[in-house]
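To start, the structure under review is shown below, and the notes come after it.
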Amino acid sequence: MDMLKEYLALLQQFLVGLGVPEEQGTLAALGLVYLLLTLLLLLFILLLVVRSRGRRAVKREARRAAAAESEDVEAAELEKPPVADVEAAAEVVTEPEPEAAAPVAEPAVSAEAPSEEPPSVEAPEPIVVSAPEVEPVPVSMFERLRLGLNKTRSSLVGRVDALIGSHAKLDDEFIEELEEILITADFGMETTQALVADLTSRAASHKDDGPDALRNLLADEIRVRLNSGEAALETGGQGPFVIMVVGVNGVGKTTTIGKLARQFANQGKKVVLGAGDTFRAAAVQQLQIWGERSGVDVVAHAEGSDPSAVAFDAAKAAVARQADVLIIDTAGRLHTKVNLMEELRKMRRVLDREIPGAPHETLLVLDATTGQNALIQANKFQEAVDVSGVALTKLDGTAKGGIVVAISSQLQIPVRYIGVGEGVDDLRPFDADEFVDALFR
Ligand SMILES: Nc1nc2c(ncn2[C@@H]2O[C@H](COP(=O)(O)OP(=O)(O)OP(=O)(O)O)[C@@H](O)[C@H]2O)c(=O)[nH]1
Ligand SMILES: [Mg+2]
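Just so you know, the numbering used here puts 331 at position 334 of the sequence shown, and the rest follows in order with no gaps.
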């Protein structure tokens, strides 16, 4: 108490020294102390608010990352807007992935401390997987596919059903509207016209069979076209089966490789990945994270190094480690003056020299949300690097799933895989019957 009085007297003297009248010195000193204490209190409250906001942001981010990784959150994912801008998509992807890996890899930590708040924004792990929202719900593979195709089903099949329901017969007006529905769903002009022509001629002999028959005929016409584009990828044979993954920027190459690596590893295959996209350091990291998750070796060089050198080392490593499958990632664009296609051709030559016949599969990744543009990309890559299969990603992000039918019937390249979400199991070997069932059943 005495000390307080002493400090107050000192402050009073100081204020008097500054020109405050002596009789008001005590009052001024008390006022100043009061002001300082109020400021300190306000500062403290501000700190608390900022901290709690930071925590909430971390929780939200963690839940989002865990949801993307979760095997069972398709419904939530389906609500996301389509990734229309390919460039933008690439920027979004690569960074969140590392965060997504950490929480899922440490379920024990979160289970032990479900209600504990992290001490600071820098240490979010303890709250990550304990979020109740990502409680896994068992969903069958077929149901996942159905969920992934929700947008296309409600737009394409929903509109077809409405059309059939409102038209008693297959007249000109019906055909016109059906054509419009198919074109809107990205079947493309060529496929739409051929399909409608075949449907009309078949429907002539089913005139009296009612609306269900028409619906079945349409499903069948789609199935026929999809069947011509279906051929599973067989990775067996002597030595490493080499898959080179190509495609423009942001279509989902690296993610597809990660999912494939996990699926092959789960089948007991030894997998090696080659980080041939040396354009960005983040691209190499992204692949390394997938490799870590699946216990798969990744051969990588520094950012900016020659992708063919990576292909060379990866091929050597795959042979030395007696791998069953080697998957090579590639850049979607190049920052140097080197032509992308020329670069890819060079990588192919290197692979062939090390493993005769390699690459055994040149898998072109196409983004379903880019619509008819995917066909143009396919033609360009086909001319340059002899594409042998297609993986069509992001079907969950578009109502225009008819692009699968366009690709299957217009390209001479089989569709190997389709992507209907961001989870590992959302990359599925393409099955025409299953696809049509998921849409029409
Ligand atoms: N919704 C959804 N997203 C997907 C699918 N496949 C890939 N993606 C997302 O697409 C984004 C781009 O994927 P990447 O694998 O980085 O694409 P990339 O072709 O390697 O891109 P670059 O390396 O920049 O050329 C990521 O956010 C992926 O999670 C899919 O089937 N559905
Ligand atoms: Mg990539």
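Beta carbons: idealized from backbone N, C-alpha and C, even for Gly.
First and last residue of the uninterrupted beta strand (DSSP E) at L323:
The count along the sequence shown starts at 1 and reaches residue 323 at position 326. Where L323 is concerned, the enclosing beta strand (DSSP E) stretches over V322 to I325.
Own chain residues within Cβ distance below 7 Å of V433, not counting five before or after:
Sequence index remark: in the sequence shown, residue 433 carries index 436 (1-based). Cβ neighbours of V433 within its own chain (closer than 7 Å, five residues either side excluded): A216, I219, R220 and L223.
Using CA coordinates, which residue listed in D422, G329 and E380 is at the minimum distance from V248?
One-based indexing of the sequence shown puts residue 248 at position 251. The shortest Cα separation from V248 among D422, G329 and E380 belongs to G329.
Beta-carbon contacts of P426 that lie in its chain and below 8 Å, excluding the five residues immediately before and after
Residue numbering aside, residue 426 sits at position 429 when the sequence shown is read from its first letter. These residues qualify, in order along the chain: A229, L230, R413 and Y414.
Closer than 8 Å is the cut-off here; do at least three beta carbon pairs connect the stretch 359 to 373 with the stretch 270 to 277?
The answer is no - the stretch 270 to 277 does not touch the stretch 359 to 373, with fewer than three Cβ pairs under 8 Å.
When you compare the stretch 234 to 242 with the stretch 350 to 366, are there three or more beta-carbon pairs, one atom per stretch, that lie closer than 8 Å?
yes
G416 (DSSP reduced to helix, strand or coil)
In the sequence shown, the residue the question calls residue 416 occupies position 419. Correct three-state label for G416: strand.
Residues bridged to Q19 [DSSP beta-bridge criterion]:
One-based indexing of the sequence shown puts residue 19 at position 22. One detail in the question is off: residue 19 reads as Glu in this sequence, not Gln. Paired residue(s): none; E19 is not in a bridge.
Which of the three DSSP states, helix, strand or coil, is assigned to R277?
Start at 1 with the first residue of the sequence shown, and residue 277 comes out as number 280. In the structure shown, R277 sits in coil (DSSP, three-state: anything other than H, G, I, E or B).
Helix, strand or coil for A6? Go by DSSP, reduced to three states.
On the sequence shown, residue 6 is found 9 positions in, with the first residue counted as 1. Helix.
Can you grab the Cα-Cα spacing for the pair Q409 / G226, in whole Å?
Reading the sequence shown from its first residue, position 412 is the one you call residue 409. Reading the sequence shown from its first residue, position 229 is the one you call residue 226. A direct Cα-Cα distance of roughly 8 Å separates Q409 from G226.
Can we count K391 as close to ligand 1, meaning its CB is less than 7 Å from some heavy atom?
For the purposes of this step, residue 391 is taken as the residue at position 394 of the sequence shown. Yes, since a heavy atom of ligand 1 falls inside the 7 Å radius drawn around the Cβ of K391.
CB of V417 within 8 Å of CB of R141, strictly:
As a first step, residue 417 must be located in the sequence shown, where it is residue number 420. As a first step, residue 141 must be located in the sequence shown, where it is residue number 144. A contact, by the Cβ cut-off of 8 Å.
Collapsed DSSP secondary structure at F238 in the structure displayed:
As a working mapping, residue 238 is identified with position 241 in the sequence shown. In this structure, F238 counts as strand in the three-state DSSP scheme.
Near D349, what residues of its chain come up, given a Cβ to Cβ distance below 7 Å and the 5 sequence neighbours on each side ignored?
Numbered from its first residue, the sequence shown carries residue 349 at position 352. Around D349: A355.
What number of angstroms, rounded off, separates the C-alpha of V347 from the C-alpha of I178?
Within the sequence shown, numbered from 1, the residue matching residue 347 stands at position 350. Within the sequence shown, numbered from 1, the residue matching residue 178 stands at position 181. Between V347 and I178, the C-alpha separation is close to 46 Å.
Looking only at its own chain, which residues have a Cβ that is under 8 Å from the Cβ of E109, when we skip the five neighbours before and after it?
Numbered from its first residue, the sequence shown carries residue 109 at position 112. With a pLDDT of only 31 at E109, under 50, the local geometry of the prediction cannot be trusted, and no value is derived from it.
Near ligand 2: K343 beta-carbon under 7 Å from a heavy atom
For the purposes of this step, residue 343 is taken as residue 346 along the sequence shown, with counting starting at 1. It does not: the Cβ of K343 is nowhere closer than 7 Å to a heavy atom of ligand 2.
Between which two residues does the alpha helix (DSSP H) harbouring R438 extend?
Mapped onto the sequence shown, residue 438 falls at position 441. R438 -> no alpha helix (DSSP H), and no H or E assigned at all.
Per DSSP, which one or two residues make a beta bridge with T252?
For the purposes of this step, residue 252 is identified with residue 255 of the sequence shown, where counting begins at 1. DSSP lists no partner for T252.
Closer than 7 Å to a non-hydrogen atom of ligand 2 - does that hold for the CB of T251?
The residue given as residue 251 occupies position 254 in the sequence shown. Yes - ligand 2 has a heavy atom lying nearer than 7 Å to the Cβ of T251.
Cα-Cα separation between E94 and A258, rounded to whole angstroms:
In the sequence shown, the residue the question calls residue 94 occupies position 97. In the sequence shown, the residue the question calls residue 258 occupies position 261. With a pLDDT of only 32 at E94, under the threshold of 50, the placement of this residue in the model should not be trusted, and no figure is reported.
Given 8 Å as the limit, is there contact between the stretch 378 to 393 and the stretch 208 to 215, that is, 3 or more CB pairs closer than that?
no
If V322 sits next to K377, beta carbons under 8 Å apart, how far is it from one beta carbon to the other, in whole angstroms?
The sequence position of residue 322 within the sequence shown is 325, counting from 1. The sequence position of residue 377 within the sequence shown is 380, counting from 1. Contact doesn't hold; Cβ gap of about 27 Å is too wide.
For E351, the nearest candidate out of Q285, A299 and F238 (CA to CA):
As a working note, residue 351 is residue 354 in the sequence shown. The shortest Cα separation from E351 among Q285, A299 and F238 belongs to F238.
Note down, in chain order, each residue of its chain lying with its Cβ closer than 7 Å to the Cβ of G301, except the 5 sequence neighbours on either side.
The residue given as residue 301 occupies position 304 in the sequence shown. Within the same chain, Cβ atoms closer than 7 Å to the Cβ of G301 are found at T275, the five residues on either side in sequence being excluded.
In whole angstroms, give me the CA-to-CA distance for G420 and L37.
Within the sequence shown, the letter at position 423 stands for residue 420. Within the sequence shown, the letter at position 40 stands for residue 37. Rounded to the nearest angstrom, the two C-alpha atoms are 49 Å apart.
Indicate the three-state DSSP secondary structure (helix, strand or coil) for P100 in the structure shown.
Against the sequence shown, residue 100 aligns to sequence position 103. Unreliable placement is indicated for P100, whose pLDDT of 34 sits below 50; the coordinate value is still reported in the next sentence. Note: P100 maps to helix in three-state DSSP.
Determine the direct distance from the alpha carbon of A314 to that of R342, and round the result to whole angstroms.
As a first step, residue 342 is located in the sequence shown; it is residue number 345 there, counting from the start. As a first step, residue 314 is located in the sequence shown; it is residue number 317 there, counting from the start. The alpha-carbon atoms of R342 and A314 are separated by roughly 21 Å.
From I42 to R50, what distance separates their C-alpha atoms?
For the purposes of this step, residue 42 is identified with residue 45 of the sequence shown, where counting begins at 1. For the purposes of this step, residue 50 is identified with residue 53 of the sequence shown, where counting begins at 1. The straight-line gap from Cα to Cα measures roughly 12 Å.
Would you say A182 touches ligand 2, meaning its beta carbon is less than 7 Å from a heavy atom?
Mapped onto the sequence shown, residue 182 falls at position 185. At a cut-off of 7 Å, the beta-carbon of A182 does not count as near ligand 2: no heavy atom of the ligand is closer than that.
So, for K256: in the same chain, excluding its five sequence neighbours on each side, which residues have a beta-carbon less than 7 Å away from its beta-carbon?
The residue given as residue 256 occupies position 259 in the sequence shown. The answer, listed in chain order, is V421 and L424.
For a test of the three-state rule: what should DSSP assign to A120, helix, strand or coil?
Here residue 120 is taken as the residue at index 123 of the sequence shown, counted from 1. For A120, the pLDDT reaches just 36, beneath the cut-off of 50, and the residue's location in the model is therefore unreliable, leaving the point undetermined.
A87 by DSSP, collapsed to three states: which one?
Start at 1 with the first residue of the sequence shown, and residue 87 comes out as number 90. Residue confidence is low: A87 scores 32 on pLDDT, short of 50, so the model does not pin down where it sits. Its coordinate-derived value is still stated next. The answer is helix: DSSP assigns A87 an H, G or I state.
Give a yes or no on whether the C-beta atoms belonging to E187 and Q407 are separated by under 8 Å.
Against the sequence shown, residue 187 aligns to sequence position 190. Against the sequence shown, residue 407 aligns to sequence position 410. Going by C-beta atoms, E187 is nearer than 8 Å to Q407.
Please indicate yes or no: does the CB of D422 lie closer than 7 Å to some heavy atom of ligand 4?
This structure does not include ligand 4; its bound ligands are ligand 1 and ligand 2.
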